[in-house]
Each structure stands twice: as C-alpha cells, then as structure tokens.
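One structure is given here, and the rest of the page talks about it.
Residue numbers (this note's numbering): 250 to 445.
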C-alpha cells in the first residue's frame, strides 16, 4: 500500500513539474512575440532609410522569431496534452482504488471510458507532432521575406521596391542636379537664410 502511495506522489510531483515547464514555454512564446514586433519596427526603419539589405535581414529575423514562437506554442500544447494524460492516470488510479470492492462490470465501464479519453489524446498528440515537424525549417524563403517587407511597408504607408535595392530617399537624383543652375537656387537659399 505504501509503495502505491509513493508512486502516486511521484506522479503528482511530475505533473506539477510539467505544468511549470509549460508555463515557462508560454513565457518564451510571449518573449518571441515581443522580439518579433521589435524586428518588424526595425524593418520599417530600414525601409524608411532606404536600407533594403538591412530590411531584408530584419525581415528574416521576424520570420525566424515567428517560427520560434509557434514551435514553443506547439511544444507547450504537447506538454499540456501529456499533463492531461498523466492527470487522468492519477485520477483513474484513485478511482480504481475506490472501485475495487465493486462489481467487475462497473470497473470495465470505467476502464473503457479511460481508454477512449486516452486514444483521443493520443490522436491529438500525433497531430501536433506532425504539425511541428512540418514547420521547423531553418531557412527563410525569399518570397516570405519579400512579402513581409512589402506588408510592413504597406502597414506604415512606405514606398518600397522589395526586389531591387533602393537609393536613400533623401538623395537628389543626378539628373535633377544637372538641370538646376545657381540662379534657381539662390533666391530659395536667400529666403531660407532670412527665416533663420
């Protein structure tokens, strides 16, 4: 009897530790979400400065952080499923202990119910595992990067040509400089000096 109690206590301790680990994974999810938002702002700033190479790097970081966040979320979900299974096992062992003087038919019904729940959780676990395997790619496809850069530019009303590097937005085209002569600039320059 004492041995069963000690194994039950160990099981309950494991359940508590797994719940704690799941909470830590949830914290990682929130941390990745914050980092993803910060990297999106970096994409915006780089686009504003005309730094398309920098924007591309930040966009890759956004995609990587998003995938990392999803993987933590999936792992947390799988861990919750394991905790639920262990929880059911702990409860069933308590129920079996209380049912032992009862009829074998009632025990059989209880065990059938337990098996159904266990099978359902097993199917959910397998689904989550296959979904997780499909999204653990380390490389970020260029199409995703370009799409993200365009999305950030659209969100902030910025002009961007994702496919080609752009000159800085504050630079004056050479053709425009050649057309200007000193007479065109002098009145404007004098006006600016008089304001200052």
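All C-beta atoms, glycine included, are put in the ideal place defined by N, C-alpha and C.
Keep in mind it's a predicted model, so treat the numbers as computed, not measured.
8 Å Cβ cutoff met for residue i and residue j
| i | j | result |
| --- | --- | --- |
| residue 331 | residue 273 | no |
| residue 326 | residue 257 | no |
| residue 394 | residue 308 | yes |
| residue 278 | residue 397 | no |
| residue 335 | residue 263 | yes |
| residue 296 | residue 287 | no |
| residue 329 | residue 255 | no |
| residue 339 | residue 261 | yes |
Of the residues the options, the one placed nearest residue i, counting alpha carbons only
| i | options | result |
| --- | --- | --- |
| residue 321 | 282, 292 and 304 | 282 |
| residue 402 | 276, 255 and 292 | 292 |
| residue 315 | 344, 284 and 299 | 284 |
| residue 391 | 358, 295, 365 and 313 | 313 |
| residue 407 | 280, 358 and 294 | 294 |
| residue 275 | 357, 319 and 354 | 319 |
| residue 280 | 317, 344 and 404 | 317 |
| residue 337 | 323, 357 and 364 | 364 |
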